[in-house]
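In this note's numbering, the protein residues as written are 4 to 146.
We put the CB at the ideal spot given by N, CA and C, even for glycine.
In what follows, a structure is listed as structure tokens, so that the remarks can point back to it.
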């Protein structure tokens, strides 16, 4: 399968997960499907790409920016990096959604956090943490 095809399938898989997470009812079975089905498939795809292509890139590694740049000159390794982002961002988004539901956050409050996580990863997590910190700061103190 070509890197373009893997990229397209992985991106569509992640998009389906995000649409379900933001728009669908949060049934336990749906959360399990996102976690173990979609994120699991993305993680498996990542593992295969890394094990097959990562060590083939001459000069590639994580010791310097030049080594990381070398890795990303390989389309399959670049796609692996993209799939890594897709899987981890969806994992964090699922965690935020479940935790926000547990805390009783309205879905309209959750939506910007989830969209920010989808688009910008850590920014969405930061929004969630700031929301939690504000909630905690506003709670009455127990005597």
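Which residues in the same chain as residue i place their Cβ atom closer than 8 Å to its Cβ, once the five residues preceding and following it in sequence are excluded?
i          : result
residue 89 : 13, 14, 16, 17, 45
Does DSSP classify residue i as helix, strand or coil?
i           : result
residue 138 : helix
residue 144 : coil
residue 61  : coil
residue 28  : coil
residue 108 : coil
residue 124 : coil
Apart from the five residues on each side of it in sequence, which residues of its chain come closer than 7 Å, Cβ to Cβ, to residue i?
i          : result
residue 86 : 13, 45, 48, 49, 52
residue 34 : 97, 101
Taking the C-alpha atoms as reference points, what is the distance between residue i and residue j?
i           : j           : result
residue 62  : residue 77  : 11 Å
residue 80  : residue 25  : 30 Å
residue 129 : residue 119 : 9 Å
residue 31  : residue 70  : 42 Å
Can you name, in chain order, every residue of its own chain whose Cβ lies under 6 Å from the Cβ of residue i, other than the five neighbours on each side?
i           : result
residue 113 : 103
residue 131 : 99, 116
| field | Entirely enclosed alpha helix (DSSP H) segments - the segment 11-55, minimum 4 residues | value | 31-35
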